[in-house]
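The structure appears below as structure tokens.
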Amino acid sequence: MRTLIYLLIGILFGITLIKSEAASWFRVYEMLRFESFHMFGIIGSTVVLGIFIVQSIKRFNITSFYGSPIVFAPKAKSVSRYLFGGFIFGLGWALAGACPGPMFALLGAGFTPILVVLISAVFGTFLYGIIKDKLPH
Amino acid sequence: MTLIFDPWPWYISGPLIALVLFLLLMVGKNFGMSSNLRTLCTICGAGNSSDFFKFDWKSQRWNLVVVLGAIIGGFIGSQFLSNDLTVAIHPETIENLNTLGFKSAGDSYLPTELFDSSVFTDIKGLLILAIGGLFIGFGARYAGGCTSGHAISGLSNLQWPSLIAVIGFFAGGLTMVHFIFPLIF
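These protein sequence lines are chains A and G, in that order. By this note's numbering, the letter at position 90 of the first sequence is numbered 90, and the numbering carries on one by one without gaps. Position in the second sequence (first residue = 1) + 1000 = this note's numbering.
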């Protein structure tokens, strides 16, 4: 039952990524040239509603559908790892025109070359795991 | 019905992604896609090479199910909920892309120059996709999250580290598009 719920949430996410065009390489490029409000509108409205959702959950001690408390793990303090890691991620995001969520939605939409991006991203993650102790965090 | 089959505007799409965040929180999980890449490494046996991949990947099975759903959702969205997948980007963006050699701008969902199956015999196109993917995977794990984990989950929880990461995402993206694209296209 829970597995089915995760699957349905994922389906909603995948449909939205395709239909919103957030999974389009062209939209990412257009966003980075500031020639459309579309992507900023998507991210911005998600974050504004997200802040409202998270703060409401905290303030009113809302529990999960199963009655357990909802836990938010704070991110570890650092500047370098977020700035350097984020910068490298941004280079790839603009080049391949997709972030990890849209990659999977595009695969389902039948764009098989996205497999090259996906497999390389898994390899990039592996590379990070190998050399992480040598990087500033 | 045309409202469903047309591209969805930002004020529908953004709230739907917020709904995804809400539903995941309400089933006791956190929204973050790039951690699945680490899980895939572990499943492939990367634990033999680095302790970073030594964890019980079965605890992340729920997230792989979300990924499977996203793949199915991508199929449904493109095959059953769209008449035409052409992305109507701004005319100036189209003009700019034409000068860079992207003739498919304004006529397709993704540039055919990179995402048509003919790319499999095009060394330059393959390299672009592979290097892009490599940076995405490496950078997301280095930063501890991607667009979903930082820009959405983290900012929603008012986390400073996520704001720094998002500034990094855009700094990297702007550098690629404005300084590196003119050199490679």
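Even glycine gets a Cβ: it sits at the ideal position worked out from N, Cα and C.
| Query | Result |
| --- | --- |
| Alpha-carbon spacing of residue 115/A relative to residue 60/A, whole angstroms | 43 Å |
| Pair within 9 Å by beta-carbon distance, residue 1159/G and residue 102/A | no |
| Proximity test, Cβ basis, 9 Å: residue 81/A and chain G | yes |
| Rounded distance between the beta-carbons of residue 96/A and residue 1129/G, thought under 8 Å | 6 Å |
| Alpha helix (DSSP H) segment containing residue 1157/G, residue limits | No alpha helix (DSSP H) contains residue 1157/G, which DSSP labels as neither H nor E. |
| is_contact[residue 40/A, chain C] using C-beta, thresh 9 Å | Of the chains in the structure shown, none is chain C; the protein chains are A and G. |
| Extent of the continuous alpha helix (DSSP H) run through residue 1041/G | 1035-1043 |
| Sufficient close CB pairs (3 or more, under 8 Å) joining the stretch 1153-1170 of chain G to the stretch 86-96 of chain A | yes |
| Reduced DSSP secondary structure (H/G/I, E/B, other) of residue 1091/G | helix |
| DSSP state of residue 63/A mapped onto helix, strand, coil | strand |
| From 1095/G, 1024/G, 1064/G and 1027/G, residue whose alpha carbon lies closest to that of residue 1043/G | 1064/G |
| Cβ of residue 65/A within 9 Å of any chain G Cβ | yes |
| Segment limits, alpha helix (DSSP H) that includes residue 1180/G | Careful: residue 1180/G lies outside any alpha helix (DSSP H) and carries neither H nor E. |
| Enclosing alpha helix (DSSP H) for residue 112/A [first to last residue] | Note, residue 112/A: premise wrong, no alpha helix (DSSP H); not H, not E. |
| Sheet register partners of residue 69/A (DSSP bridge) | 63/A |
| Stretch pair the stretch 112-130 of chain A + the stretch 1139-1146 of chain G: three plus CB contacts closer than 8 Å | yes |
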